[in-house]
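Numbering (the numbering used here), first residue to last: 3 to 306.
Virtual Cβ for every residue (Gly too), placed ideally from N, Cα, C.
So the structure is just underneath, and the comments pick up after that.
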Amino acid sequence: MVAGGLVEFERHRPRLFALAYRMLGSATEAEDAVQETYLRWETTRRAEIGSAEAWLTTVLVNLCRTWLDSARARRETYVGSWLPEPVPTGHGELGPLESAEQRELVSMAMLTMLERLTPTERSVFVLREAFGYAHREIADMLALSESNSQQLYRRAVQHVRADRRRFETTPDQVRVLFEKFLAAAHSGDVAGLEAMFTADVVSTADGGGKIHAARRPVVGPARVAQYLNGLVTRLLPEFPAASFAFEEVNGEPALVFRTAGTVFMIGTIEVEDDRIAALRMVLNPDKLAYFARVERAFAGETAC
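Here is the structure:
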């Protein structure tokens with residue numbers, strides 16, 4: 003019975019992880035939520051379950067909804083700015099990301115925006131936008147009325163889209179900007195850096211109090227250029243053998259910095275009219291652990 007239940011559960015695991023990650027913004031917590039869902043699956047009377055997918059999704063999304071309440075309290079005491087955990091997506095880790103809309107929904111920018119929502123608003127938004135559930139199905143999962151689900155969805159869309167700037171850029175365009183950015187930063191060309199930014203550029207770094215980083219967002223081209231120049235000036239002597247690579251992270255091109263094979267920073271940017279409008283840098287080693295683990299696992303599979 004246990005083996006059969008595990009086989010059935012494993013069929014749904016990738017989708018459950020993808021859902022939990024979009025709900026929580028944390029790969030580590032998403033794994034925990036999926037494992038807790040499995041434990042409940044193993045102790046229930048599965049013969050009485052009509053649809054495994056519906057049952058598992060309902061349990062998982064309500065677990066995440068509960069966890070988001072405690073997560074919000076933890077993030078209020080988080081040291082510095084909070085950013086989502088980056089996830090490598092070049093090999094389908096978060097499901098198919100074939101359209102610009104699908105990629106946007108797992109982007110660092112969108113996951114950060116979702117923090118504005120209440121747990122129930124986020125649940126409705128993710129189930130509707132990312133997984134295409136009908137409001138009737140969402141209402142059943144969350145113990146809401148269908149009209150309440152529709153109302154929460156409209157409210158969530160308003161919150162998320164209100165300040166969201168959407169600009170279609172190709173990976174090549176982003177890579178060119180990254181290369182120009184790196185060249186200017188490496189040479190200490192502060193004026194060149196400043197010219198690459200929009201007037202309202204924002205740089206956010208998440209060091210979690212474990213890595214030295216600005217604890218508040220840095221705003222404005224002059225301040226961001228000076229800050230990044232100082233960051234690079236400090237990091238280069240500290241990590242003389244550092245290397246970088248362009249990789250797909252959260253559905254978008256990202257700059258992954260490594261030293262001695264260990265990831266120590268992942269950066270993403272938002273682009274507006276060929277200029278950088280936002281930078282997000284994850285340096286907290288706890289938030290890079292999942293990325294590194296997936297990377298090692300994939301490398302092992304490739305070697306085999």
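As a quick exercise: from the options, pick the residue whose alpha carbon is nearest that of residue i.
i: V221; options: N150, R77, S151, A279; result: A279
i: D208; options: Y155, V258, M267; result: M267
i: Y135; options: A73, E55, E240, G190; result: E55
i: T120; options: E272, D288, V234, C66; result: C66
i: N286; options: L58, L26, F19, T264; result: T264
i: T45; options: D288, M143, Y155, G7; result: G7
i: R225; options: W57, L21, T200; result: T200
i: D71; options: T122, L154, L21; result: T122
i: A158; options: V128, T172, P173, M143; result: V128
i: E131; options: R260, M25, F259, F246; result: M25
i: A102; options: A294, V178, T171, Q175; result: T171
I'd like the list of long-range same chain contacts for residue i, defined as Cβ closer than 6 Å, with 5 residues on each side in sequence excluded.
i: V162; result: M115
i: F180; result: L257
i: S151; result: V126, H137, I140, A141
i: L281; result: S205, I271
i: F19; result: A32, V36
i: A215; result: A207, G209, L285
To the nearest angstrom, how far is the alpha carbon of residue i from that of residue j?
i: E78; j: A49; result: 43 Å
i: F133; j: A32; result: 16 Å
i: E2; j: R42; result: As displayed, the chain neither begins before 3 nor continues past 306, which places residue 2 out of reach and without an answer.
i: Q228; j: A243; result: 24 Å
i: M3; j: M283; result: Unreliable placement is indicated for M3, whose pLDDT of 42 sits below 50; the coordinate value is still reported in the next sentence. Their backbone Cα atoms lie some 46 Å apart in a straight line.
i: V36; j: L62; result: 7 Å
i: A75; j: T206; result: 20 Å
i: W69; j: E38; result: 12 Å
i: F300; j: P239; result: 31 Å
i: V204; j: T60; result: 37 Å
i: T91; j: E249; result: 9 Å
i: S189; j: H93; result: 34 Å
i: F298; j: E117; result: It is Arg, not Phe, that sits at residue 298 in the sequence shown. The alpha-carbon atoms of R298 and E117 are separated by roughly 30 Å.
i: P16; j: E272; result: 28 Å
i: L146; j: R277; result: 43 Å
i: G27; j: A197; result: 32 Å
i: A164; j: M112; result: 12 Å
i: F11; j: N64; result: 18 Å
i: E148; j: R124; result: 16 Å
i: D34; j: L184; result: 37 Å
i: P219; j: A73; result: 21 Å
i: L85; j: L233; result: 18 Å
i: R47; j: M143; result: 18 Å
i: L107; j: T235; result: 34 Å
i: I51; j: K182; result: 56 Å
i: Y155; j: L21; result: 17 Å
To which residues does DSSP link residue i through a beta bridge?
i: D208; result: V284
i: S245; result: R260
i: G269; result: L257, M283
i: R156; result: For R156, which the question treats as bridged, DSSP gives no partner whatsoever.
i: R277; result: E274
i: E250; result: P255
i: V176; result: V176 pairs with nothing; no bridge assigned.
i: F199; result: I278
i: V2; result: This structure leaves residue 2 out entirely; the chain is present only between 3 and 306.
For residue i, I'd like the list of residues in its chain whose CB is within less than 7 Å of its CB, leaving aside the five on either flank, ordered along the chain.
i: G194; result: A186
i: A29; result: Y23, E87, V89, Y292
i: R105; result: L99, G253, E254
i: N231; result: A187, G190, V192, L195
i: G211; result: V81, G82
i: V296; result: P90, E95
i: L331; result: Absent from the structure is residue 331, since the part of the chain shown begins at 3 and ends at 306.
i: A247; result: V258
To which residues of the same chain is residue i closer than 8 Å at the C-beta, ignoring the five residues directly before and after it?
i: S109; result: N252, G253, E254, T270
i: S245; result: F259, R260, T261
i: R177; result: F248, P255
Just to check, is the beta-carbon of residue i closer than 6 Å to a non-hydrogen atom of the ligand HEM?
i: L107; result: In the structure on display, the ligand HEM does not appear, and there are no ligands present to speak of.
Which ranges does the alpha helix (DSSP H) cover as unbroken runs of at least 4 residues, wholly within the region 50-118, from first to last along the chain? 54-78, 102-107, 110-115
Report the start-end ranges of each alpha helix (DSSP H) in the region 20-55 that is 4 residues or longer and not cut off at the edges. 29-44
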